[in-house]
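Heads up: the sequence shown runs through residues 32 to 263, numbered per our numbering. Glycine is no exception: its CB is placed at the ideal position from the N, C-alpha and C atoms. Every value quoted in this text rests on a predicted model; they were computed, and no experiment measured them. What follows is a short report on a single structure.
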Amino acid sequence: MVHLQHHREHHFTAGETVRDIVIGMSDGLTVPFALAAGLTGAVDASGIIITAGLAEIAAGSIAMGLGGYLAARSDAEHYVSERKREEKEIVDVPQIEKNEVIEIFEKYGISKKESTIITESLAQNPKQWVDFMMQFELGLDKPDPKRARVSALTIAGSYIAGGFIPLSPYIFITSAHQALELSVIVTLAALLVFGYIKGRFTGAHPFRSGLQTMLIGGLAAGAAFLLAKLIS
C-alpha cells in the first residue's frame with residue numbers, strides 16, 4: 032500500500048504588514064535615539080530630554096502614520112485608474128489586448144497556437160480578462176480596502192514602540208549622561224535584535240541585517256551627540 036504524504040507549503044504572506052513594522056520600528060528606534068543622544072551632548076537634564084523625546088515620538092508617529100496612509104491610498108487609486116484603463120482597452124482595442132495576452136503566455140513557454148486558444152477563451156469573460164491583465168501585464172494585485180488605515184496604525188504604533196526604547200532610561204535615571212549610557216546599550220541591543228528579525232522575515236542574512244541596523248542607528252546617534260557637543 033502506497034502512503035501519500037500530504038505536502039503543505041508554507042509561504043510568508045504578511046509582507047505588507049512586516050514592511051510597515053520595519054518602517055515604523057526602524058525610524059522609531061533611530062530618530063528618538065539620535066535626538067536623545069544629541070540633547071545629552073548639550074544638556075544634562077533628563078526632564079528636558081524626556082519632554083523633547085515624547086514630543087518627537089508624537090510628531091514622528093503621526094507623520095509616519097500619515098505617510099503610510101497616503102502611500103496606501105495612492106496605491107489603491109493607482110489600481111483603480113489602471114483597471115478602468117484596461118476595461119476600456121478590451122472594448123476599444125480588443126485585438127491588441129489579445130496579442131498582449133498571447134505574448135504573456137508565450138513567455139511561459141506556451142505555443143502561439145495554444146496561447147491563442149486560451150486567450151480566446153479568456154476573452155469570453157471580460158472581468159477575468161481584466162483581472163488577468165492587471166496581474167500578469169501590470170503586476171498589480173487588488174489592494175485591501177482597509178489597507179490604508181491598517182498601514183497608518185501599524186507604522187505609527189511601531190514608531191511609538193520603538194521610540195520608547197531609547198527614551199525609557201531617561202525616565203528612570205536623573206542624570207542624562209548616565210541615562211545615555213544605558214540607552215546606548217538597550218537601543219543597540221534592540222536594533223541588533225530587530226535587524227535580525229527583519230532579516231529573517233525579509234529573506235536577508237539575519238546576522239548581517241542585525242549588524243547593519245545596529246551600525247546605522249549607532250552612527251546616527253553618535254553623530255548627533257558629537258554635533259551637539261561641538262555646538263554647545
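Report the rounded CA-to-CA distance for L97 versus T185, giving the unit in angstroms.
11 Å
Starting from D123, trace the alpha helix (DSSP H) both ways and give me its first and last residue.
77-123
In this structure, does DSSP put F64 in helix, strand or coil?
helix
Please classify R116: is it buried, with 16 or more other beta-carbons within 10 angstroms of its beta-carbon, or exposed?
exposed
At the level of alpha carbons, what is the spacing between Y210 and A251?
At residue 210 the sequence reads Ala, which differs from the Tyr that was named. If I take the Cα positions, the gap works out to 18 Å.
According to DSSP, is V74 part of a helix, a strand, or is it coil?
coil
Suppose the cutoff is 8 Å on Cβ atoms and the five residues either side in sequence are ignored; what does the same chain contact list for L219 look like?
Apart from the 5 residues on each side of it in sequence, L219 sits with its Cβ closer than 8 Å to the Cβ of M245, G248, G249 in its chain, given in chain order.
Given S92, which residues of its chain have a CB within under 6 Å of its CB, disregarding the five upstream and five downstream residues?
A187, Y190, I191
Over what stretch of residues does the alpha helix (DSSP H) that includes L198 continue unbroken?
For L198, the uninterrupted alpha helix (DSSP H) run begins and ends at 178-203, by DSSP.
Locate the alpha helix (DSSP H) running through L153, then write down its first and last residues.
Here the alpha helix (DSSP H) through L153 covers 143-153.
First and last residue of the alpha helix (DSSP H) that includes Q166?
Unbroken run through Q166: none, as it is neither H nor E.
Exposure of A207, with buried meaning 16 or more beta-carbon neighbours within 10 Å
buried
Could you tell me how far apart the beta carbons of E87 and L66 are, in whole angstroms, since I believe they sit closer than 8 Å?
5 Å
Supposed contact pair S240 and Y227 - C-beta distance, whole angstroms, cut 8 Å
That belief holds up - the Cβ atoms of Y227 and S240 are roughly 6 Å apart, short of 8 Å.
S182 and A103 look like a contact to me (Cβ under 8 Å); what is the Cβ gap, rounded to whole Å?
4 Å
If distances are taken between C-alpha atoms only, which option among E128, I79, A89 comes closest to M164?
E128
If E134 sits next to L171, beta carbons under 8 Å apart, how far is it from one beta carbon to the other, in whole angstroms?
No, E134 and L171 are not in contact; Cβ-Cβ is about 18 Å, not under 8 Å.
Residues in the same chain with beta-carbon distance under 8 Å from P176, minus the five sequence neighbours each way, listed in chain order, please.
Cβ-Cβ distances below 8 Å link P176 to A107 in the same chain, with the five nearest sequence neighbours on each side left out; the list follows chain order.
Should I135 be flagged as near chain B, meaning a C-beta pair shorter than 9 Å?
Absent from the structure: chain B. Only one protein chain is present.
Quick check on D123: buried or exposed, where buried means 16 or more other Cβ atoms within 10 Å of its Cβ?
The residue in question, D123, is exposed, as its Cβ has fewer than 16 Cβ neighbours within 10 Å.
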